[in-house]
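Written below as structure tokens is the structure these notes are about.
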Amino acid sequence: MAALPKSDELFSKINYKPPQSGWMDTPAVLREGMFCFAAKPKSVETLSLPYPREWNPRNDDWLLPENWKEIIYEGMKDRLGRFRTFKIFMDICVRCGACADKCHFFIGTGDPKNMPVLRAELIRSVYRNDFTTFGKMLGKLAGARPLTLDVLKEWWYYLFQCTECRRCSVFCPYGIDTAEITIIGRELLNLLGLNIDWIATPAANCYRTGNHMGIQPHAFKDMLDFFVDEIEEVTGVRVEPSFNKKGADILFITPSGDVFGDPGTYTAMGYLMLHHYLKVNYGLDITWSTYASEGGNFGFFTSNETMKRLNAKMYAEAKRLGVKWILGGECGHMWRVINQYMGTMNGPADFLEEPVNPITGTKFENAKSTKMVHIIEFTADLIKHGKLNLDPSRNDHLRVTFHDSCNVARGMGMFDEPRYVIKNVCNNFYEMPRNCIKEQTFCCGSGSGLNASEDMELRLAGGLPRANAVKYVHDKHDVNMLACICAIDRAALPPLMKYWVPEVDVTGTHEMVANALIMPGEKEKTVNLRGEELPGK
Amino acid sequence: MRLNDLLKQKKAAIVKQWFDMVVNTYPLDTSQFLKGQKDPFANPVGNTISQGIEPLFDELINKMDQNTITSFLEPILKIRAVQVMFSPSQAVAFIFSLKEVIRKNLKKETSDNEILNELLLFESKIDEMGLMAFDVFMKCREKIYAIKATDERNRTFKAFERAGLVAESQDAW
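Chains as they are written, first to last, in the numbering used here: chain G, 63 to 599; chain W, 9 to 181.
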């Protein structure tokens with residue numbers, strides 16, 4: 063048996079004082095709970111990305127290619143030439159600190175290297191050293207430092223402690239989008255095969271079978287068939303979804319998280335009920351695809367090229383089926399990719415029609431180039447024109463607040479539509495404080511591929527500012543339900559609530575829509591989609 | 009109880025210095041932010057600490073009710089339990105730093121033996137609170153482990169189980 067340490071030996075190691083050195087001289091310590099498992103070689107290979115191998119961030123040796131410094135240098139040079147944003151964001155920051163305390167990871171973890179300015183500085187320091195005259199001449203004085211193995215590890219550790227939520231960019235007087243620095247930083251790491259598995263494997267699955275979990279078409283259909291049975295049990299109405307139907311009006315694509323994980327499954331049932339309602343009442347023909355069965359795009363967290371590849375699948379399927387336009391489910395980063403990058407990446411999608419709601423005649427001008435409409439906007443439009451028969455009292459047991467998903471709020475500017483829908487399907491709605499919602503919304507703490515289990519401490523710390531605001535409305539207004547319009551949120555917020563505010567549950571907005579929707583031919587409903595008794599029944 | 013009267017008199021200064029000591033367990037850039045930002049939504053950590061330590065101090069002076077103490081310790085330790093930059097001992101050490109603050113504030117008074125004796129007794133109450141803090145901290149860590157172990161499986165497994173796509177239920181999850 064190994065000798066036990068003596069008490070004085072133990073005491074000598076206890077130090078309650080934080081390091082007093084500057085950030086460059088404080089090496090990063092990789093702490094358990096703050097990072098994810100390394101990407102499996104098979105997934106890296108499937109995505110045709112370089113250097114697939116078994117490696118472990120806990121080991122000293124990350125099994126890097128011998129010329130790794132050269133690869134990063136060339137990769138940076140290439141991207142500084144190709145992406146003007148990257149070049150500008152490397153040059154113009156004056157380190158004013160306006161962004162410093164706006165990051166949920168800094169607020170929650172208390173780690174200064176999570177200040178957006180400092181996280182970006184991790185890369186900028188190397189940029190200055192290798193690409194600027196001042197940096198080359200003055201070195202550390204000009205904020206420059208050479209790329210070393212420790213620096214590379216620091217990049218990896220902190221670039222995967224950013225959810226690319228862009229809250230910091232709202233406060234930057236220069237408009238620097240720190241998320242784009244993280245995006246390029248992760249691209250550089252991918253040049254060395256340094257992805258995390260929670261991103262690489264979903265991206266590979268999506269590329270190979272069409273969705274993050276790698277569920278094959280028949281199982282995807284099985285799951286939706288099960289939802290059909292569940293809906294019939296609750297409403298007495300048998301909905302009839304169509305799959306891969308050529309010539310349908312609209313192709314519907316949602317994150318697979320809604321099909322395969324609770325509580326997103328209830329939101330998926332909500333979509334099915336809405337589609338059925340629109341078919342029976344207005345003849346609208348909406349089809350699902352078992353091939354383009356994923357709205358989420360984890361390529362976005364890997365590289366520009368991987369994002370483009372995954373995004374292209376949805377459009378290839380829309381073309382194959384000959385639909386008029388695409389309706390997208392409640393998702394976060396899918397919309398960032400569509401709204402911010404799709405137009406110039408795989409678009410414009412000229413083979414589709416400019417989206418018009420055939421029931422109301424509303425033209426979705428914002429989707430002119432991408433031909434893809436967010437379902438919350440679509441449903442808000444239907445409600446505004448009185449096309450849905452709703453009974454909000456069916457949600458009277460809920461006291462609801464709304465979490466703005468970063469990508470839909472900050473990435474698309476969509477603030478009012480979800481609130482309009484929620485207020486029409488339930489009677490008790492309470493906003494969180496102003497500096498926690500809309501463009502200032504706090505991230506769930508698990509976006510951009512960080513929604514794993516092994517980094518739970520990171521997720522719970524990063525989600526603290528959001529949970530803190532939810533706790534406030536829970537204490538003040540007895541809020542018991544947190545609504546959202548993003549599948550990552552539906553996966554990430556339940557554990558966050560379980561830890562910080564266990565009295566509050568999580569729902570997709572279309573689950574509430576469906577529960578309030580009076581379906582043609584429905585029986586007297588006594589329970590909602592979760593099998594819970596309806597108020598007064 | 010002359011010591012209690014002194015502590016009540018100097019409460020504002022002691023609590024403020026204790027707060028500073030707690031936030032100084034964070035790196036410099038962070039502690040400045042924790043002290044400076046007063047908005048509770050922009051600074052939940054600083055706000056939780058400042059909301060929690062005053063009632064904890066009151067309990068030390070008053071009746072040391074375990075439930076009350078736990079209810080004020082929990083929000084602070086819930087946060088420190090996810091901030092893995094702290095080891096478990098560092099996470100709960102802030103309770104003991106109150107001793108240092110009180111000794112500094114009662115330097116003159118402790119030359120009186122009676123006060124000194126009372127202070128020794130009072131410090132054992134701080135020790136007791138420190139042990140309670142360790143229990144609360146462990147409860148938080150256990151909750152994190154439980155969430156880690158069950159969340160992902162619950163989400164997907166339950167949905168698949170309801171759909172009849174997997175065979176047996178494992179209720180223990």
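Note that beta-carbon positions come from the ideal geometry of N, C-alpha and C, so glycine has one too. These numbers come from a predicted model, not from an experiment.
Could you check if residue i is buried or exposed, using at least 16 other CB atoms within 10 Å of its CB as the buried criterion?
i, result
"G:Glu356", "buried"
"G:Glu584", "exposed"
"G:Glu594", "exposed"
"G:Ile484", "buried"
"W:Gln17", "exposed"
"W:Asp37", "buried"
"G:Trp125", "The identity of residue 125 of chain G in the sequence shown is Leu, whereas the question assumes Trp. So G:Leu125 ends up on the exposed side."
"W:Ser200", "The shown model of chain W, from 9 to 181, leaves out residue 200 of chain W, and the question about it has no answer."
"W:Gln91", "buried"
"G:Glu565", "exposed"
"W:Lys116", "exposed"
"G:Phe151", "buried"
If you draw a straight line from the alpha carbon of residue i to that of residue j, how long is it in whole angstroms?
i, j, result
"G:Asn513", "W:Leu129", "48 Å"
"W:Lys151", "G:Thr571", "28 Å"
"G:Lys4", "G:Trp85", "Shown here, chain G extends from 63 to 599; a query on residue 4 of chain G therefore has no answer."
"G:Lys538", "G:Arg461", "11 Å"
"G:Asp287", "G:Glu302", "9 Å"
"G:Lys307", "G:Gly384", "9 Å"
"G:Asp320", "G:Ala549", "6 Å"
"W:Phe102", "G:Ile154", "41 Å"
"G:Gly201", "G:Val213", "15 Å"
"G:Phe47", "W:Tyr34", "What the structure shows of chain G is the stretch from 63 to 599, and residue 47 of chain G is not part of that stretch, so it cannot be assessed."
"W:Ala99", "G:Lys215", "26 Å"
"G:Pro178", "G:Lys149", "17 Å"
"G:Ala54", "G:Asp87", "Examination of residue 54 of chain G is not possible in this model, given that chain G is present from 63 through 599 alone."
"G:Asn469", "W:Gln45", "27 Å"
"G:Met518", "G:Tyr561", "11 Å"
"W:Ala180", "W:Val144", "At W:Ala180 the pLDDT is 44, less than 50, meaning the model places this residue with poor confidence and gives no usable figure here."
"G:Lys370", "G:Ala354", "14 Å"
"G:Ser187", "G:Pro208", "8 Å"
"W:Pro96", "W:Cys148", "11 Å"
Between residue i and chain G, is there a C-beta pair that is closer than 8 Å?
i, result
"W:Lys151", "yes"
"W:Asp135", "no"
"W:Trp181", "Confidence at W:Trp181 is low in this model, with a pLDDT of 41, below 50, so its placement is unreliable and no value can be given for it."
"W:Gln25", "no"
"W:Gln17", "no"
"W:Pro21", "Reading off the sequence shown, one finds Ala at residue 21 of chain W, where the question assumed Pro. Cβ-Cβ to chain G under 8 Å: no for W:Ala21."
"W:Asp28", "no"
"W:Thr118", "no"
"W:Ala141", "no"
"W:Phe145", "no"
"W:Asp37", "yes"
When you compare the CB of residue i with every CB in chain W, is at least one pair closer than 8 Å?
i, result
"G:Gly391", "no"
"G:Ala523", "yes"
"G:Val462", "no"
"G:Lys68", "no"
"G:Thr327", "yes"
"G:Tyr219", "no"
"G:Thr171", "yes"
"G:Ala182", "no"
"G:Asp163", "yes"
"G:Ala531", "yes"
"G:Glu94", "yes"
"G:Glu295", "no"
"G:Met63", "With a pLDDT of 49 at G:Met63, under the threshold of 50, the modelled position of that residue is not reliable, and no figure is offered here."
"G:Phe322", "yes"
"G:Pro174", "yes"
"G:Phe426", "no"
Which residues of the stretch 488-519 of chain G have a Cβ closer than 7 Å to any Cβ of chain W? Give them in chain order.
Pro495, Asn497, Cys498, Ser515, Met518 and Glu519
Residues in the stretch 51-80 of chain W having any Cβ partner in chain G nearer than 9 Å:
Asn51, Pro52, Val53, Asn55 and Thr56
I'd like the ranges of any beta strand (DSSP E) spanning at least 3 consecutive residues and lying wholly in the stretch 238-275 of chain G.
none
Could you tell me which whole alpha helix (DSSP H) segments of length 4 or greater appear in the stretch 531-597 of chain G?
549-562 and 571-578
Could you name the residues of the stretch 432-455 of chain G whose beta carbon sits closer than 8 Å to any beta carbon of chain W, in the order they occur along the chain?
none
4-residue-minimum alpha helix (DSSP H) runs that sit fully inside the stretch 161-246 of chain G, ordered along the chain:
166-171, 178-193, 195-200, 211-221 and 229-233
Return the residues of the stretch 256-283 of chain G that lie within a Cβ-Cβ distance of less than 9 Å from chain W, sorted by chain order.
Met275 and Ala281
Return the residues of the stretch 545-568 of chain G that lie within a Cβ-Cβ distance of less than 8 Å from chain W, sorted by chain order.
Ala553, Pro556, Pro557, Lys560, Tyr561 and Trp562
Runs of alpha helix (DSSP H) lying entirely within the stretch 386-444 of chain G, each at least 4 residues, in chain order:
395-398
Could you pull out every unbroken beta strand (DSSP E) segment of at least 3 residues lying fully inside the stretch 287-366 of chain G, listed in chain order?
312-315 and 348-350
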